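S.K.: Numbering (the numbering used here), first residue to last: 3 to 388. All C-beta atoms in this analysis are idealised placements derived from N, C-alpha and C, irrespective of residue type, glycine included. Values in this document were obtained by computation on a predicted structure and should not be read as measured data.
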Ligand code: C2E
Ligand code: MG
Ligand code: MG
């Protein structure tokens, strides 16, 4: 298959010129004139190269990078602009610090002559990860965790974190889960990967508890892991090794678990609950059989998918669905977490509807353990002052 490229520019002449030049290098080229067009056709972003005009309509360059970051864009990004070198360098540093692959800056005036240097760079850049590399990364401990705070929407108290896996590859930098979890699922590596994640998560939980911080931790586990051989005895061993209070551990399962986890797996989930672990139903509302899961399996917590939460301040139907889920959780005696809260309006709507727990960029992005410590310290200082 030929490589693909996407040219994002509101200037149709630049779109056409970019398309012509990239086609000469063997790329299949798509174009977009504004971010609205991308939002309507997100598949355009599944591409091998993004050539991005740095000043599009109402957005500033940094807004555009935030947008691409939020969509976890993995393709290299070449900035194309009439801005000065200093502005471009600042944007590249900002994008890189967020984990975006910033290829460089090409002034629009040099588009005709300068593009081929960047194409050579792409051709020699690292290829997508392979199964062998992922297996090595697990062995060599290149897997690490980011921690995203979960807070009480009533009091603001930090209740705990969700552990989110990252792959720190020496050549490629940070690789996000959407770029390797599907690979792990396809290749039978999900079980060893999940043991590696649990080891890191429980070690961190234990360190917080030793320091007197009563945090809880939520860990994403696939259905396959629940059914893995000796799962319970190995889990008990791991908890004993880190002297874990299991009531502080939540295992997040997605709706597919209800399809796959009947019989034996249900027994394992019940055993885990007997030990005090909590079970959360993640991404609630996105599957095709959500409501059935609620009485089929013993869940303690519902996590409302961020595709609903992100629209509650703009789409009345998304708001109605979200608030109904909050009420449903309350009626079932379950804890409810709204994930993906991105602004103050969404936060206020959820708090007013008595949604107990929130998570999202408005509260905090996922953080490394060291940055989370600083963040927590700051929150505790602010709470004392209030
Ligand atoms: P999830 O479990 O639903 O995790 C929440 C995802 O939403 C995280 O993405 C988080 O960074 C992102 N997020 C949180 N707040 C916001 C927000 O306000 N706005 C937006 N746009 N996004 C927000 P991440 O870390 O890239 O993880 C993506 C998915 O990959 C996770 O979705 C989960 O399904 C999977 N995953 C992550 N870590 C693990 C893991 O340790 N094990 C397994 N099995 N899956 C994992
Ligand atoms: Mg989750
Ligand atoms: Mg989720």
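1) Would you kindly work out how many angstroms separate the C-alpha atoms of residue 48 and residue 385, rounded to a whole number?
2) So is residue 86 buried or exposed if we call it buried at 16+ other beta carbons inside 10 Å?
3) By the 10 Å Cβ neighbour count, where 16 or more other Cβ atoms means buried, how is residue 84 classified, buried or exposed?
4) Does the beta carbon of residue 302 fall short of 7 Å from some heavy atom of ligand 2?
5) Does the stretch 191-204 come within contact of the stretch 220-240, defined as at least 3 CB pairs closer than 8 Å?
6) Using a threshold of 7 Å, is the CB atom of residue 272 nearer than that to any non-hydrogen atom of ligand 2?
7) Thinking just about the alpha-carbon of each residue, which of 52, 38, 37 and 12 is nearest to the one in residue 29?
8) Quick one, are the C-beta atoms of residue 146 and residue 202 less than 8 Å apart?
9) So the beta strand (DSSP E) residue 97 belongs to, where does it begin and stop?
10) Would you mind working out which of 324, 10, 121 and 278 sits nearest residue 238, comparing C-alpha positions?
11) For residue 166, which residues in the same chain have their Cβ closer than 8 Å to its Cβ, ignoring the five residues on either side in sequence?
12) DSSP three-state call for residue 278: helix, strand or coil?
13) Give the straight-line distance between the Cα atoms of residue 358 and residue 66, rounded to the nearest whole angstrom.
14) Using a threshold of 8 Å, state whether the C-beta atoms of residue 94 and residue 108 are closer than that.
15) Please indicate yes or no: does the CB of residue 362 lie closer than 7 Å to some heavy atom of ligand 1?
16) Give the straight-line distance between the Cα atoms of residue 297 and residue 323, rounded to the nearest whole angstrom.
M.R.: In short:
1) Within the chain shown, the letter at position 46 stands for residue 48. Within the chain shown, the letter at position 383 stands for residue 385. Residue 48 and residue 385: Cα-Cα distance of roughly 43 Å.
2) To locate residue 86, count along the chain shown from 1; it is residue 84. Exposed, because fewer than 16 other Cβ atoms sit within 10 Å of the Cβ of residue 86.
3) Along the chain shown, one-based indexing puts residue 84 at 82. Counting Cβ neighbours within 10 Å, residue 84 comes out exposed, since fewer than 16 surround it.
4) Translated into positions along the chain shown, residue 302 becomes position 300. No.
5) yes
6) Translated into the one-based positions of the chain shown, residue 272 becomes position 270. It does not: the Cβ of residue 272 is nowhere closer than 7 Å to a heavy atom of ligand 2.
7) Position 27 of the chain shown, counted from the first residue, corresponds to residue 29. Among 52, 38, 37 and 12, the Cα nearest to that of residue 29 is on 52.
8) By one-based count along the chain shown, residue 146 stands at place 144. By one-based count along the chain shown, residue 202 stands at place 200. Closer than 8 Å, so yes.
9) Taking the chain shown and counting its residues from 1, the one referred to as residue 97 is at position 95. No beta strand (DSSP E) holds residue 97; the alpha helix (DSSP H) holding it covers 87-99.
10) Indexing the chain shown from 1 puts residue 238 at position 236. Checking every option, the nearest Cα to that of residue 238 belongs to 278.
11) In the chain shown, the residue the question calls residue 166 occupies position 164. Leaving aside the five residues that flank residue 166 on each side, the residues in its chain whose CB is nearer than 8 Å to its CB run, in chain order, 147, 148, 149, 150, 179, 222 and 368.
12) Within the chain shown, the letter at position 276 stands for residue 278. DSSP places residue 278 in coil when its eight states are reduced to three.
13) As a first step, residue 358 must be located in the chain shown, where it is residue number 356. As a first step, residue 66 must be located in the chain shown, where it is residue number 64. One C-alpha to the other measures close to 32 Å.
14) Position 92 of the chain shown, counted from the start, is the residue given in the question as residue 94. Position 106 of the chain shown, counted from the start, is the residue given in the question as residue 108. Not in contact: residue 94 and residue 108 (Cβ atoms no closer than 8 Å).
15) Taking the first residue of the chain shown as 1, we reach residue 362 at position 360. Yes; taking the cut-off as 7 Å, the Cβ of residue 362 has a heavy atom of ligand 1 nearer than that.
16) As a working mapping, residue 297 is identified with position 295 in the chain shown. As a working mapping, residue 323 is identified with position 321 in the chain shown. Here the C-alpha atom of residue 297 lies approximately 19 Å from the C-alpha atom of residue 323.
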